[in-house]
Every structure is written in C-alpha cells, then in structure tokens.
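To keep things clear, I will list the structure first and then write my remarks on it.
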Amino acid sequence: LKNAWNATQVKWYPIPVGLGIAFIGFQHSRHIRKREWQRLREEAEAQAEAQGRPRVVVEGPWQVRVAAALPLRSLSRLWGWFNNLNIPRPLRIPGFKLYSFLFGCNLEEMKNPDLRTYSNLSEFFYRELKDGARPIENSPLVSPSDGKILHFGVVEGRNIEQIKGKTYSLDALIGGKSAGNTTDILASSQSANIVNEEKFANINDIPYSLDTLLGSDPAAGVKAESIVGPDGTVRTKGKLAADTTGNARAILKRTDLEPEVRDHHRPAEGHGLFFCVIYLAPGDYHRFHSPTNWVVEARRHFAGEFNKDVELHGELFSVSPYMVKLLENLFVLNERVVLNGRWQYGIFSMIPVGATNVGSIKINFDEALKTNRREDLPGGTYTEVSYRSADPFVGGKQLVPGEEMGGFCLG
Amino acid sequence: STVVLVFEAPLGFRFGVQAGQKVRMGQALGEM
Numbered sequence: 184l185k186n187a188w189n190a191t192q193v194k195w196y197p198i199p200v201g202l203g204i205a206f207i208g209f210q211h212s213r214h215i216r217k218r219e220w221q222r223l224r225e226e227a228e229a230q231a232e233a234q235g236r237p238r239v240v241v242e243g244p245w246q247v248r249v250a251a252a253l254p255l256r257s258l259s260r261l262w263g264w265f266n267n268l269n270i271p272r273p274l275r276i277p278g279f280k281l282y283s284f285l286f287g288c289n290l291e292e293m294k295n296p297d298l299r300t301y302s303n304l305s306e307f308f309y310r311e312l313k314d315g316a317r318p319i320e321n322s323p324l325v326s327p328s329d330g331k332i333l334h335f336g337v338v339e340g341r342n343i344e345q346i347k348g349k350t351y352s353l354d355a356l357i358g359g360k361s362a363g364n365t366t367d368i369l370a371s372s373q374s375a376n377i378v379n380e381e382k383f384a385n386i387n388d389i390p391y392s393l394d395t396l397l398g399s400d401p402a403a404g405v406k407a408e409s410i411v412g413p414d415g416t417v418r419t420k421g422k423l424a425a426d427t428t429g430n431a432r433a434i435l436k437r438t439d440l441e442p443e444v445r446d447h448h449r450p451a452e453g454h455g456l457f458f459c460v461i462y463l464a465p466g467d468y469h470r471f472h473s474p475t476n477w478v479v480e481a482r483r484h485f486a487g488e489f490n491k492d493v494e495l496h497g498e499l500f501s502v503s504p505y506m507v508k509l510l511e512n513l514f515v516l517n518e519r520v521v522l523n524g525r526w527q528y529g530i531f532s533m534i535p536v537g538a539t540n541v542g543s544i545k546i547n548f549d550e551a552l553k554t555n556r557r558e559d560l561p562g563g564t565y566t567e568v569s570y571r572s573a574d575p576f577v578g579g580k581q582l583v584p585g586e587e588m589g590g591f592c593l594g
Numbered sequence: 014s015t016v017v018l019v020f021e022a023p024l025g026f027r028f029g030v031q032a033g034q035k036v037r038m039g040q041a042l043g044e045m
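Chains as they are written, first to last, in our numbering: chain R, 184 to 594; chain S, 14 to 45.
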C-alpha cells in the first residue's frame with residue numbers, strides 16, 4: 184500500500200467546461216430549492232401560528248425516514264384502484280376466504296353472506312354486518328368501531344400521549360380555534376336541496392353583480408353566492424334571463440353567523456378532557472358508528488401535503504401499532520377528518536385517521552367530503568365546513584349511539 | 014386506520030377497557 188501510494192504518478196487534467204457549468208447549475212438549483220423550502224417553512228409557521236397550533240415534522244428512526252421518502256399517497260391511490268378491479272366470479276369465494284383466513288374476518292356475521300356478489304376486494308372490505316350483530320350497550324360512551332384499543336387516558340396540558348413518554352399536540356390534531364370562516368356544507372353539497380335563505384331578484388337579462396343585485400351584507404355575515412335561474416342553472420356571474428315574471432331565485436350562503444370564536448378544547452370546571460385511540464386491523468369491520476348521543480357541528484379535513492422537508496400534513500403512513508411506536512406525531516401527520524361537536528358533558532370530537540392501505544374516509548352525511556385526492560390543499564392547512572343547517576334547531580347533525588356514520592375504504 | 018375520540022367528561026369518568034384489548038362496535042368504553 185505504501186509503495187502504491189508513493190509510486191503512483193498523479194496526473195492532473197483540466198475539467199471540461201461543460202462539467203464546470205453543470206456543477207455551477209447544480210449548485211444554483213440547490214440554492215434556489217433551499218430558498219423555496221425556507222419560504223414554504225416560513226409560510227407554514229405563520230399559518231400554524233395564525234391557527235393556534237404547533238408545527239409538526241417527521242421524526243423517528245431510519246424506518247420512519249424510509250417510509251417518509253416513499254410516495255405513500257400515490258401508492259395508496261394505486262392500491263385503491265387495484266382493489267376496485269373486478270375479480271372473476273370463480274375466484275371470488277376462494278379469494279375472499281383466503282383473505283378472511285389471513286386477516287381473521289368473521290364471515291358468519293356478514294349481512295350478505297354470498298361471497299360471489301362482492302365483485303372486488305374493496306366491496307368485501309366495506310361489507311355490512313347482520314342486523315343485531317353488534318348490540319349497543321347501555322353506556323354513555325360505546326366503541327365506534329371494531330378494533331383494538333391502542334391507548335386511552337386524560338389529555339394533560341393539551342397533549343395526548345401516543346405511547347409512554349411520547350405525546351402529540353391536541354391543537355395540532357384537531358386544529359386550532361375556529362376562525363369562524365366556515366362554509367355551509369349543505370349549501371355547498373351538490374346533492375343538497377336545503378338552502379339557508381332564498382331571495383328573489385327582479386332582473387331582466389342584464390349583467391349583474393351578485394353583491395349589488397342581491398344585497399349581500401358582509402357585516403351581518405351574509406354573502407350572495409349564486410343565482411339559480413328559471414331553468415335551474417346556477418350562475419355566479421354574467422347574464423341570466425329571468426322567468427316570465429322577471430324573477431330569478433338567489434341562494435344566499437351564510438359564511439358566519441357566530442361572532443365569537445369557538446374553542447374546541449377547553450373543558451368546564453370539574454371536567455377533564457379524555458381520549459381513546461382504536462386501531463382497526465385489516466380484517467376488521469371497517470365502518471364506524473356514533474359512539475354516543477351527540478351533535479356534530481363541523482368537520483375539518485386535514486389533507487394538504489407538500490415538501491416533506493418543510494411540513495407534512497395529510498400523509499398516509501401506516502397506523503399499525505408498530506408504526507405508532509416508531510413515528511412521533513403519527514396521528515397529527517396523517518390525513519384525517521375531525522368531527523367536532525358536543526355531547527351532554529361538553530365538547531366531543533371524533534377523528535377517523537387514514538392510513539396507507541385505507542386512505543379513503545367516508546362520512547355518510549357529508550357527500551362533499553372527498554379524501555385521498557391528488558389535488559389537495561397546501562400542507563398544514565385544513566378545510567372546514569359547518570353542519571349547522573343539517574338541523575338548525577340543534578345546530579348540527581344529531582346522532583344516536585350505534586348510528587352508522589361512515590367508514591374507511593381501501594386506497 | 015384508526016379512530017381517535019377526544020371528549021370532555023366529568024372528572025369521575027373511568028375507562029372500562031385496557032390497552033391492547035379487542036373491542037367491538039357498541040361495546041362500552043367507560044362509565045361515569
């Protein structure tokens with residue numbers, strides 16, 4: 184080795200100009216990328232501060248780093264597409280029986296026991312149970328789903344314990360205070376036929392401005408959103424022909440009627456905040472039900488994702504007990520739907536959290552909710568809608584114990 | 014997939030389950 188070190192002649196060559204330019208270009212692009220990350224980080228911090236919640240980033244051992252480097256959301260959607268492919272009829276019974284054997288599904292309690300009628304694994308995964316298969320116990324709080332209790336306890340200092348010694352922030356999990364800028368779910372849902380307020384405008388094929396024509400009053404929290412013409416078309420600008428009486432129907436959507444800022448996580452005197460985490464294994468019944476008698480007032484959908492070095496929200500990591508032990512802030516990082524409301528003892532939140540294989544979350548009374556989509560919001564943000572108009576008398580969607588609320592779908 | 018419940022209750026609320034326990038939909042989670 185010594186001889187080779189001393190005897191080997193060193194030859195110097197000029198670096199080709201093209202290589203030098205490529206190197207400078209590479210350095211420059213790295214600089215630009217770093218500057219862009221810095222800008223996004225600052226934006227995320229400002230947004231988190233405005234929403235009153237802490238920022239979270241991925242932290243954990245090398246397994247976590249590997250998982251974070253994978254395009255989990257794309258893989259999840261690919262998995263969903265694959266499992267929606269129809270299975271040939273002769274293969275359905277052996278295929279679903281094999282799946283049931285591997286993951287411990289109880290085929291005896293299925294509502295529809297004919298395995299040939301489930302055309303693909305997604306349908307089988309979202310199977311219904313026989314009536315009476317899950318009796319609802321007489322208790323103030325029952326399990327919303329089949330599964331395994333991962334953890335439960337008291338929320339201490341606005342932190343929820345994930346595993347012993349590791350916590351995540353309640354503020355980050357369910358979002359900060361509502362800024363009162365909610366939109367109305369029923370007015371925005373395409374299937375909705377309930378509107379907050381109707382107003383008739385007398386127009387006659389003239390260009391219009393919604394605000395001036397319909398008398399929006401931002402101070403009162405009322406904003407004109409659209410006009411429904413005599414032929415049923417919804418317009419937001421341009422010309423609209425009136426009906427024979429010269430009228431067009433206007434839908435007014437209330438943007439906020441509550442001046443006070445709601446705080447979802449302040450217990451009353453003599454009360455405390457409790458939490459319970461239930462893990463649904465692949466073989467479990469994957470619909471979830473109302474755990475108590477409560478009113479859901481609003482939902483928040485945390486779905487945005489952008490550069491992993493800046494901030495992750497709405498990622499789809501596995502939520503298996505193994506990953507729960509490894510990845511800090513797992514439930515805060517994953518895409519989730521936060522249903523905020525109240526029950527007889529105060530505030531109540533139910534949070535279905537998605538995972539890589541089960542990335543889609545359905546809420547039966549919210550057709551506007553679309554999860555695990557490519558076109559999502561910037562990371563660290565969430566969309567919020569109010570269910571107030573579902574039942575104006577109680578101020579939200581009222582649910583009774585055991586009532587089916589929705590479920591998790593493959594991909 | 015996972016379901017997280019966060020709720021306010023009187024300080025006398027007690028969970029009636031154990032970590033790691035399998036539960037079924039409709040099974041009681043706790044009592045006042």
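The beta-carbon is built from N, C-alpha and C at its ideal position, and this holds for glycine as well. Note that this is a predicted model, so its numbers are computed, not measured.
Query: The ligand FMN heavy atom lying under 7 Å from the CB of V19 (chain S); Result: Judged by which ligands are present, the structure shown has none, so any question about the ligand FMN falls away.
Query: Residues that DSSP places opposite F458 (chain R) in a beta bridge; Result: R:G336, S:V19
Query: Sub-8 Å separation of L18 (chain S) and F265 (chain R) beta-carbons; Result: no
Query: Chain-order list of residues whose beta-carbon lies under 8 Å from that of N342 (chain R) (same chain, five-residue window excluded); Result: T350, Y351, S352, L353
Query: Exposed unless 16 or more other CB atoms sit within 10 angstroms - verdict on Y196 (chain R); Result: exposed
Query: Residue environment, R275 (chain R), which counts as buried when at least 16 other CB atoms sit within 10 Å; Result: buried
Query: Closest by C-alpha distance to V536 (chain R), when choosing among R:L268, R:K313, R:L499; Result: R:L499
Query: 8 Å Cβ cut-off: residues of chain S touching L546 (chain R); Result: The amino acid at residue 546 (chain R) is misidentified as Leu; the sequence shows Ile. Under the 8 Å cutoff, chain S gives no residues; its nearest Cβ is about 12 Å from I546 (chain R).
Query: Whether I544 (chain R) touches G589 (chain R) by CB criterion (8 Å); Result: yes
Query: Environment of E540 (chain R) [buried if 16+ CB atoms lie within 10 Å]; Result: Looking at the sequence shown, residue 540 (chain R) is not Glu but Asn. Per the 10 Å Cβ criterion, buried.
Query: As assigned by DSSP and simplified to three states, the class of W477 (chain R); Result: strand
Query: Contacting residues, own chain, Cβ-Cβ under 7 Å from I319 (chain R) (five flanking each side not counted); Result: V325, P584, G585
Query: Beta bridge counterpart(s) of L223 (chain R) as assigned by DSSP; Result: Its beta-bridge partners do not exist; DSSP assigns none.
Query: When R:L268, R:N267, R:P296 are compared against K280 (chain R), the one with the closest alpha-carbon; Result: R:P296
Query: Sequence-distant residues of the same chain with beta carbon closer than 7 Å to R519 (chain R), five excluded per side; Result: F485, I534, P535, V536, G537
Query: Spatial neighbours of R27 (chain S) in its chain, beta-carbon cut-off 7 Å, leaving aside the 5 residues before and after; Result: G43, E44
Query: Assumed close pair H454 (chain R), G336 (chain R) - CB separation to whole angstroms, cut-off 8 Å; Result: With a Cβ gap of about 15 Å, H454 (chain R) and G336 (chain R) do not count as contacting.
Query: In DSSP terms, what V325 (chain R) is bridged to; Result: S:A41
Query: Any C-beta of chain S under 8 Å from that of A486 (chain R); Result: no
Query: Inter-residue spacing [alpha-carbon to alpha-carbon] between Q221 (chain R) and E567 (chain R); Result: 27 Å
Query: When R:Y309, R:V502, R:N547, R:A551 are compared against T250 (chain R), the one with the closest alpha-carbon; Result: One point to set straight first is that residue 250 (chain R) is Ala, not Thr, in the sequence displayed. Nearest option by C-alpha distance: R:V502.
Query: Alpha carbon of K313 (chain R) to alpha carbon of R299 (chain R), nearest angstrom; Result: 17 Å
Query: Exposure of K580 (chain R), with buried meaning 16 or more beta-carbon neighbours within 10 Å; Result: buried
Query: Cβ neighbour criterion (16 or more within 10 Å) applied to H214 (chain R); Result: exposed
Query: Nearest residue (CA-CA) to T475 (chain R), options R:S257, R:E344, R:L582, R:E219; Result: R:L582
Query: Simplified DSSP state of L274 (chain R), which is helix, strand or coil; Result: helix
Query: Test: D569 (chain R) CB closer than 8 Å to a CB of chain S; Result: Checking the sequence, you will find Ser at residue 569 (chain R) rather than Asp. S569 (chain R) does not count as touching chain S.
Query: Option in S:F20, S:L24, S:Q34 with minimal Cα separation from H334 (chain R); Result: S:Q34
Query: Contact with chain S by V583 (chain R), beta-carbon distance below 8 Å; Result: no
Query: With 16 other Cβ atoms within 10 Å as the buried cut-off, status of L24 (chain S); Result: exposed
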